[in-house]
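Remarks on the structure that follows.
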Amino acid sequence: MRQPPKYQLAKEAITVWRIAGMIMFMILMIIAASITYLVFRFDWPRFIVGIAASVPLIELILHVIIIPKIRFKRFRYEILEDEIYIQRGLIIVTRTLVPMTRIQHVDTKQGPILKKYNLMTVTISTAATTHEIPALPSEEADRLRNDIAVRARVIEDE
Amino acid sequence: MNEQHKLHPLAILLFFLKLMKDSVWLVISGVIFIGSSDINTLLPERFHTSSVIFVLIFILVIILVFAGISWFKWHRFRYMIHPDALQITQGIIVRHDRTIKTKNIHSMHVNQHIFHQVFNLANLKIETAGSDVNVDGELKAIDLELARRLKYQFTNDLPLGNVTDFTPSHLMEGDKKDDWHSSIYRLLAAGVTTGRIGTLLAIAAVIPPELSNYLPEDIYQASESWVLKQSMVVWIVLVSVYITMMIAVGVISFLLKYGQFSLHREGDYLVVKHGLIEKKETQLHINRIQAITFKQNLFRMPFGWSGCYVDFAGGEFDAKSEGRLLLYPLLRRREVNTFLKQCVPEYDMKDVKLERTDAISYFYRMVRFSLLILIPSIIGFFFYVRWWLILAVVSLLIGRGVFYYLEYRLKGYAIREGVLRLDYLHRFSRSQTLVKRKHMLELNRIETPAMKKLQVCHLKFAVMNNFIGQHFKFSWISVLQMKIITEWFTKK
């Protein structure tokens, strides 16, 4: 395949993923705390505490410290004349080419964290697969969505 | 022919059977409920009887109600044939009147169940873009000849109205010359080598130990002690009889499903007919074909026999098939090209040279595999070493090497205009896939850091079908070849 796609996601994406990781970490911490309480209350084997504590810790290391940076570095996208070009992955890198004519619909969505940073996720669906461009600036996402819709339609009409 | 028709009364039976089939759990739970609860307490003394009677009464009532519903359904069902549409009116209380325009019909299927064959009738299924059975039309029992004619008219873009003044037998004879009929020997060969035999053998291995749970203790023990007393020869004979029986079961079920297999092309449609008990006739528009795959499993590889499958999209009732249809059960190697030319000339790939993939990745994988096996086993050998363990490791490595060589020899791709041909090994089956550019939904290139160094990558793409899509992976090709395929894919 040709050169990797040109554009990167918005820089805030890392922060967003980290916040999401932190939230997950906290939820896991609460679960771990309740498990610890139960272990001492009912005198279960102590190694359960170790497992319960290590899960959130691994989550913290992976999803807050390591993964967001690599993910950001790897993820690239480009909207070309006739196709959408996406690169994603952590260790295994996948590059995908989706021709405009095969696109069935384009969705944008925004959760509370993304909203705070004024970002959006664009989802591109074909008849059998879906591809996501996470964390684009809202205006760009809207523009992209409309752009794809128009181009897909134009090519369809030809 | 602009008049209302009723279905053949056989439809009552078919409606009834379908109702029974759909509500069998309801009936069973009803029976269990009635059988287990004490109804006598609710009744005056002189009606008291055993619960078996109540269950029988319940079943009788259910049968009567279902029979009544079926009769009503049949009684209220009308269909009309217009020149450019089919109109179906049905419903017991709420009347549904549906007109299906011919141009919206995707395909028609003529199926003959065993009941149909007795009265020379057929079931006509009409598929439209919606894949919902309730939205599409189905004529449960109509004259076979009428069904055939309707289908023929539809296939050849003729007005449906003329079905009466039409002589099908003569015209249909003309198409027969390119028919692909499967002889019984071919079907037998296909049945013996089908992948299901492996599954059946696995089941065969599981059954004997399971029997101890179901058979009465003494019988099982008596037969077990009898078996243990026999000589080696008797054992071998018994085991081979058992295995032969399982294979026979597989072959017979295959024959029942695919017996009298025939395939021919009518205009833009492929018509597949098969089945001994239930005769199935499937009609597939060429444009609905997303990919064609020739598959040779391990049993068939030495003979060069392959089964032909198509992935298709749009309107199919059968959820089990998941959008893959057996187009032809068994083809010899030299027949494949003729087959393509006659049945799907759009995909004909004769005279195109197959491009090999790079050998480097196989060396890499062999080294990777060897290290993965050798390092732990060498460490292990420091503590415990036996000659047969070493032999096992060595034969594992040799086996893997042979496998990689086979894969390398089989793998290749070719491009001709809008069609891509991929030859590869997939789950120990030699596969050849033909796919048109316009049906490939996307193109993925996958690589790991090590692959980047070696300048190789995987190619993955998907085509549409009725389920989640069919994904194809063509792995370990060089970056250069990937580039060629990408350029072909993005070319207008």
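As they're listed, the protein sequences go chains L and H.
Okay, so the first sequence: first residue is 1 according to the UniProt record's numbering, each after it adds one.
Okay, so the second sequence: first residue is 1 according to the UniProt record's numbering, each after it adds one.
For each residue, glycine too, the CB sits at the ideal point set by N, CA and C.
It should be emphasised that the depicted structure is a prediction, and the values quoted were computed from it without experimental measurement.
Can you tell which of the options has the C-alpha that lies nearest to the C-alpha of residue i?
i: D157 (chain H); options: H:T199, H:V110, H:H106, H:E138; result: H:H106
i: V27 (chain H); options: H:E145, H:V55, H:N40, H:H48; result: H:V55
i: V251 (chain H); options: H:L410, H:G195, H:L19, H:L146; result: H:G195
i: D351 (chain H); options: H:I39, H:V385, H:K341, H:N111; result: H:K341
i: G469 (chain H); options: L:A127, L:I148, L:A135; result: L:A127
i: W71 (chain H); options: H:Q455, H:K18, H:I360, H:P329; result: H:K18
i: G418 (chain H); options: H:V385, H:V435, H:M366, H:L406; result: H:V435
i: G304 (chain H); options: H:L410, H:Y405, H:M246, H:K460; result: H:L410
i: I207 (chain H); options: H:Y242, H:W180, H:V192; result: H:Y242
i: I203 (chain H); options: H:H181, H:V237, H:M245; result: H:M245
i: L263 (chain H); options: H:F339, H:H116, H:S240; result: H:F339
i: V94 (chain H); options: H:Y79, H:I100, H:I219, H:K73; result: H:K73
i: H131 (chain L); options: L:L97, L:R46, L:L90; result: L:L97
i: R368 (chain H); options: H:I446, H:M451, H:F383, H:V336; result: H:M451
i: I23 (chain L); options: L:Y85, L:Y7, L:L60; result: L:L60
i: L64 (chain H); options: H:M20, H:E217, H:W387, H:F47; result: H:M20
i: Y328 (chain H); options: H:V310, H:R365, H:N337; result: H:V310
i: I148 (chain L); options: L:I30, L:P112, L:D107, L:K115; result: L:D107
i: T193 (chain H); options: H:Q230, H:A248, H:V237; result: H:A248
Quick one: give me the first and last residue of the alpha helix (DSSP H) that residue i is part of.
i: P216 (chain H); result: Unbroken run through P216 (chain H): none, as it is neither H nor E.
i: I487 (chain H); result: Before going on, a small fix: residue 487 (chain H) reads as Glu here, not Ile. From DSSP, the alpha helix (DSSP H) with E487 (chain H) extends over 479-490.
i: E346 (chain H); result: Careful: E346 (chain H) lies outside any alpha helix (DSSP H) and carries neither H nor E.
i: I398 (chain H); result: 387-410
i: S29 (chain H); result: 24-36
i: K115 (chain L); result: 112-116
i: K69 (chain L); result: 67-74
i: Q296 (chain H); result: From DSSP, Q296 (chain H) is part of no alpha helix (DSSP H) but of the beta strand (DSSP E) over 289-296.
i: F119 (chain H); result: 114-119
i: E145 (chain H); result: 144-155
i: I105 (chain H); result: Careful: I105 (chain H) lies outside any alpha helix (DSSP H), inside the beta strand (DSSP E) at 105-111.
Run through chain H and tell me which residues come within less than 7 angstroms of residue i, C-beta to C-beta.
i: T130 (chain L); result: In chain order: nothing, as chain H lies at least about 10 angstroms away.
i: R102 (chain L); result: L441, E442
What are the boundary residues of the beta strand (DSSP E) that residue i is part of?
i: T282 (chain H); result: 280-285
i: P134 (chain L); result: 130-137
i: A10 (chain L); result: From DSSP, A10 (chain L) is part of no beta strand (DSSP E); its letter is neither H nor E.
i: I80 (chain H); result: Checking the sequence shown, residue 80 (chain H) turns out to be Met, not Ile. Note, M80 (chain H): beta strand (DSSP E), 78-82.
i: G250 (chain H); result: First-last for G250 (chain H): 232-258, but that is the alpha helix (DSSP H), not the beta strand (DSSP E).
i: M366 (chain H); result: Premise fails: M366 (chain H) lies in the alpha helix (DSSP H), 360-383, not in any beta strand (DSSP E).
i: I124 (chain L); result: 119-125
When you compare the CB positions of residue i and residue j, do they come within less than 7 angstroms of one another, or not?
i: L160 (chain H); j: I142 (chain H); result: no
i: C343 (chain H); j: R400 (chain H); result: no
i: residue 493 (chain H); j: M482 (chain H); result: Summary: the structure shown does not reach residue 493 (chain H), with chain H confined to residues 1 through 492, and so no result is reported for it.
i: R76 (chain H); j: I88 (chain H); result: no
i: H113 (chain H); j: E281 (chain H); result: no
i: R76 (chain L); j: P5 (chain L); result: yes
i: A67 (chain H); j: V110 (chain H); result: no
i: V39 (chain L); j: I48 (chain L); result: yes
i: residue 160 (chain L); j: A135 (chain L); result: Missing from the structure shown is residue 160 (chain L); chain L here goes from 1 to 158 and no further.
i: F474 (chain H); j: Y408 (chain H); result: no
i: M464 (chain H); j: A291 (chain H); result: no
i: L443 (chain H); j: F461 (chain H); result: yes
i: L459 (chain H); j: A414 (chain H); result: no
i: F476 (chain H); j: S361 (chain H); result: As written in the sequence, residue 476 (chain H) is Trp, which differs from the Phe given in the question. Yes; because the gap between Cβ atoms is below 7 angstroms, this pair is in contact.
i: A68 (chain L); j: I27 (chain L); result: Checking the sequence shown, residue 68 (chain L) turns out to be Pro, not Ala. Not in contact: P68 (chain L) and I27 (chain L) (Cβ atoms no closer than 7 angstroms).
i: S429 (chain H); j: K257 (chain H); result: no
i: residue 499 (chain H); j: Y269 (chain H); result: Summary: the structure shown does not reach residue 499 (chain H), with chain H confined to residues 1 through 492, and so no result is reported for it.
i: Y79 (chain H); j: H5 (chain H); result: yes
i: L14 (chain H); j: K140 (chain H); result: yes
i: V393 (chain H); j: S377 (chain H); result: yes
Can you name the residues of chain L whose CB is closer than 9 angstroms to the CB of residue i?
i: G418 (chain H); result: What G418 (chain H) touches in chain L: nothing, since even the nearest Cβ is about 13 angstroms away.
i: N466 (chain H); result: In chain order: nothing, as chain L lies at least about 10 angstroms away.
i: R365 (chain H); result: The premise fails here: R365 (chain H) is roughly 16 angstroms from chain L at the closest Cβ pair, so nothing lies under 9 angstroms.
i: R334 (chain H); result: Those do not exist, as R334 (chain H) stays about 34 angstroms from chain L at its closest Cβ, beyond 9 angstroms.
Name the chain H residues that come within less than 8 angstroms of residue i, Cβ to Cβ?
i: D142 (chain L); result: The contacting residues do not exist; D142 (chain L) stays about 24 angstroms from chain H at best.
i: L28 (chain L); result: The contacting residues do not exist; L28 (chain L) stays about 29 angstroms from chain H at best.
i: A127 (chain L); result: A313, L441, M464, G469
i: T123 (chain L); result: The premise fails here: T123 (chain L) is roughly 14 angstroms from chain H at the closest Cβ pair, so nothing lies under 8 angstroms.
What residues from chain H crowd round residue i, counting only those whose CB sits closer than 9 angstroms?
i: I91 (chain L); result: T448, P449
Mind listing the chain L neighbours of residue i? Cutoff is C-beta to C-beta under 8 angstroms, in chain order.
i: K211 (chain H); result: A small correction: the amino acid at residue 211 (chain H) is Leu; Lys does not occupy that position in the sequence shown. The contacting residues do not exist; L211 (chain H) stays about 40 angstroms from chain L at best.
Quiz item: If we count Cβ pairs, one from each stretch, closer than 8 angstroms, do we get three or more for the stretch 290-307 of chain H versus the stretch 260-274 of chain H?
Solution: no
Practice problem: Evaluate the contact criterion for the stretch 226-237 of chain H versus the stretch 286-293 of chain H: three or more CB pairs, one atom per stretch, below 8 angstroms. | Solution: no
Quiz item: Given 8 angstroms as the limit, is there contact between the stretch 126-141 of chain L and the stretch 90-107 of chain L, that is, 3 or more CB pairs closer than that?
Solution: yes
Quiz item: Pairing CB atoms from the stretch 112-122 of chain L with CB atoms from the stretch 135-145 of chain L, are three or more of them under 8 angstroms?
Solution: yes
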